[in-house]
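Visitor:
Protein chains: 2
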Amino acid sequence: MQTLDGTDLRLLLELAKDPRRTVVALAQKLGLSRNTVQARMSALESRNVFLSFERRINPVSLGYPLLAFISIHVQQHKLGALTDSLAQIPEVVEAFGLTGAADLLVRVVCTDAEDLFRINGKIQACDGVERTDTSLAMGELIPFRLNPLLQRGPRHTG
Amino acid sequence: MQTLDGTDLRLLLELAKDPRRTVVALAQKLGLSRNTVQARMSALESRNVFLSFERRINPVSLGYPLLAFISIHVQQHKLGALTDSLAQIPEVVEAFGLTGAADLLVRVVCTDAEDLFRINGKIQACDGVERTDTSLAMGELIPFRLNPLLQRGPRHTG
DNA sequence: GCAAAATAGTGCATTTTGCTCAATTTCGCG
DNA sequence: CGCGAAATTGAGCAAAATGCACTATTTTGC
Numbered sequence: 001m002q003t004l005d006g007t008d009l010r011l012l013l014e015l016a017k018d019p020r021r022t023v024v025a026l027a028q029k030l031g032l033s034r035n036t037v038q039a040r041m042s043a044l045e046s047r048n049v050f051l052s053f054e055r056r057i058n059p060v061s062l063g064y065p066l067l068a069f070i071s072i073h074v075q076q077h078k079l080g081a082l083t084d085s086l087a088q089i090p091e092v093v094e095a096f097g098l099t100g101a102a103d104l105l106v107r108v109v110c111t112d113a114e115d116l117f118r119i120n121g122k123i124q125a126c127d128g129v130e131r132t133d134t135s136l137a138m139g140e141l142i143p144f145r146l147n148p149l150l151q152r153g154p155r156h157t158g
Numbered sequence: 001m002q003t004l005d006g007t008d009l010r011l012l013l014e015l016a017k018d019p020r021r022t023v024v025a026l027a028q029k030l031g032l033s034r035n036t037v038q039a040r041m042s043a044l045e046s047r048n049v050f051l052s053f054e055r056r057i058n059p060v061s062l063g064y065p066l067l068a069f070i071s072i073h074v075q076q077h078k079l080g081a082l083t084d085s086l087a088q089i090p091e092v093v094e095a096f097g098l099t100g101a102a103d104l105l106v107r108v109v110c111t112d113a114e115d116l117f118r119i120n121g122k123i124q125a126c127d128g129v130e131r132t133d134t135s136l137a138m139g140e141l142i143p144f145r146l147n148p149l150l151q152r153g154p155r156h157t158g
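Listed below in structure tokens is the structure:
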């Protein structure tokens with residue numbers, strides 16, 4: 001997966017400003033022809049530059065105002081099965097395998113403290129889980145952003 | 001911010017399947033009139049159900065294949081200033097204030113291990129930082145998803 | 001059961017899309 | 001420097017989608 005060039009980045013920046021911009025409007029804004037923009041967009045699509053739309057949905061709107069991160073210590077050989085178990089819990093919205101102190105970091109959304117308690121129990125009940133450490137997110141200090149990296153320009157093209 | 005009803009959820013589900021679906025196609029798919037879908041979409045927009053488009057951009061495509069989570073212990077009263085400092089580091093893509101062991105959880109993308117080392121140093125150099133714990137994400141076991149929660153339906157309407 | 005809100009249906013001008021084709025420019029590389 | 005491939009441009013055109021408005025009809029909350 002090769003890196004993107006400056007034009008791609010400018011496209012992405014404009015999209016970040018307004019995701020509903022039309023191809024025509026983008027072409028005009030960037031001083032490119034419509035064909036070029038359309039080709040670029042298709043290329044971005046097929047290169048999997050765009051992640052799932054679900055990422056743009058606000059969990060708060062869905063009725064899950066609470067966010068928590070749960071670190072999990074796992075019995076190593078059971079990691080595969082555990083991933084499947086975690087995938088069965090709807091409130092688990094994201095999970096990573098980690099180096100360092102903990103083995104797994106799980107992102108969880110929930111309706112309230114009681115709900116979090118319940119979900120945490122569910123996780124602890126999964127086969128392979130040795131210990132969990134739950135941290136409630138008190139504030140979104142820096143909401144997800146890629147803008148600074150987009151503006152910095154392409155990384156050493158090649 | 002009131003919760004969404006079943007129709008909104010079905011809309012979001014369809015959008016998750018294919019974000020580029022037109023209003024017309026959505027209306028047809030859901031058995032609604034175009035007017036209704038258009039009104040719903042506007043309502044979702046103005047209710048801030050949609051988060052920034054940046055969330056859909058793949059950092060790997062941008063040339064940042066590595067992802068890390070850094071826990072930070074902070075001198076409490078310096079949290080505000082620290083947030084500003086962290087915001088100045090482009091590779092910091094997300095940050096949360098936490099309860100529990102650590103005070104801050106920071107999500108960082110980088111080009112390679114050396115890059116991560118450099119960024120970690122930058123964070124440690126910030127005023128207010130007492131200690132950091134870095135974990136490299138070895139695998140995206142469960143990529144971000146909201147689908148299970150969407151399919152579950154609306155949370156106790158009211 | 002009433003009033004307000006949501007939905008459906010219709011219409012129309014304008015814009016956007018998807019597609020193709022040929023000419024031109026830019027770029028990689030020997 | 002110069003060749004050939006790739007990218008970009010401009011044009012055209014039919015089909016589709018959008019934005020807007022207006023009026024019934026249905027659904028909903030109280």
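Just so you know, the protein sequences line up as chains A and B, in that order. Letter by letter, the first sequence follows residues 1 to 158 of the UniProt record's numbering. Letter by letter, the second sequence follows residues 1 to 158 of the UniProt record's numbering. Backbone N, C-alpha and C fix where the C-beta goes; we use that ideal spot for every residue, glycine too.
1. Under 9 Å, Cβ to Cβ, is there at least one residue of chain B near D127(A)?
2. For E54(A), is the classification buried or exposed, using 16 other Cβ atoms within 10 angstroms of its Cβ as the cut-off for buried?
3. At which residue ranges does the segment 106 to 143 of chain A contain complete beta strand (DSSP E) runs of 3 or more residues, listed in the order of the chain?
4. Does the CB of R118(A) have a neighbour CB from chain B at under 9 Å?
5. Is the beta carbon of I89(B) closer than 9 Å to that of I119(B)?
6. Here's a check: name, in chain order, each residue in its chain whose Cβ is nearer than 7 Å to the Cβ of R40(B), leaving out the five neighbours to either side.
7. Does the segment 90 to 109 of chain A come close enough to the segment 132 to 142 of chain B to have 3 or more Cβ pairs within less than 8 Å?
8. As an exercise, report each continuous alpha helix (DSSP H) stretch of at least 4 residues that is fully enclosed by the UniProt domain "HTH asnC-type" (4 to 65) of chain B, in chain order.
9. May I ask which residues mark the beginning and end of the alpha helix (DSSP H) holding L82(A)?
10. Among all the DSSP beta bridges, which residues are the ones paired with L67(B)?
11. Give the straight-line distance between the Cα atoms of L146(A) and G153(A), rounded to the nearest whole angstrom.
12. Report the rounded CA-to-CA distance for L13(A) versus V24(A), giving the unit in angstroms.
13. By how many angstroms is the C-alpha of K78(B) removed from the C-alpha of L51(B)?
14. Using CA atoms only, rank isn't needed, just tell me which of G31(A), T3(A), A137(A) and Q38(A) is closest to D94(B).
15. Any C-beta of chain A sitting closer than 9 Å to the C-beta of V106(B)?
16. Within 9 Å of any Cβ in chain A, is that where the Cβ of L136(B) sits?
17. Could you run through the segment 12 to 24 of chain A and flag, in chain order, every residue whose CB is less than 7 Å away from some CB of chain B?
Guide: So, from the data block:
1. For this step, residue 127(A) is matched to residue 127 along the first sequence. It does not; no Cβ of chain B falls within 9 Å.
2. Stepping through the first sequence from its first residue, residue 54(A) is reached at position 54. Classification for E54(A): buried.
3. 129 to 142
4. In the first sequence, counting from the first residue as 1, residue 118(A) sits at position 118. For R118(A), the answer is no, since every Cβ of chain B falls outside 9 Å of its Cβ.
5. As a working mapping, residue 119(B) is identified with position 119 in the second sequence. As a working mapping, residue 89(B) is identified with position 89 in the second sequence. Yes, Cβ-Cβ distance for I119(B) and I89(B) is below 9 Å.
6. The residue given as residue 40(B) occupies position 40 in the second sequence. Hits under 7 Å: T7, D8 and L11.
7. yes
8. 6 to 17, 23 to 30 and 34 to 46
9. If you number the first sequence from 1, residue 82(A) lands on position 82. That run of the alpha helix (DSSP H) goes L79 to A87.
10. Here residue 67(B) refers to the residue found at position 67 when the second sequence is read from its first residue. BP columns for L67(B) point to V109(B).
11. Residue 146(A) sits at position 146 when you count from the first residue of the first sequence. Residue 153(A) sits at position 153 when you count from the first residue of the first sequence. Whole-angstrom Cα-Cα distance: 12 Å.
12. Residue numbering aside, residue 13(A) sits at position 13 when the first sequence is read from its first letter. Residue numbering aside, residue 24(A) sits at position 24 when the first sequence is read from its first letter. Cα to Cα, the separation comes out at about 16 Å.
13. Within the second sequence, the letter at position 51 stands for residue 51(B). Within the second sequence, the letter at position 78 stands for residue 78(B). Approximately 29 Å between the Cα atoms of the pair.
14. Mapped onto the second sequence, residue 94(B) falls at position 94. The sequence as given places Glu at residue 94(B); Asp does not occur at that position. E94(B) has its Cα closest to that of A137(A), out of G31(A), T3(A), A137(A) and Q38(A).
15. Here residue 106(B) refers to the residue found at position 106 of the second sequence. Taking Cβ atoms only, chain A reaches closer than 9 Å to V106(B), which makes this a yes.
16. Mapped onto the second sequence, residue 136(B) falls at position 136. The C-beta of L136(B) comes closer than 9 Å to at least one C-beta of chain A.
17. L12, L15, A16 and P19
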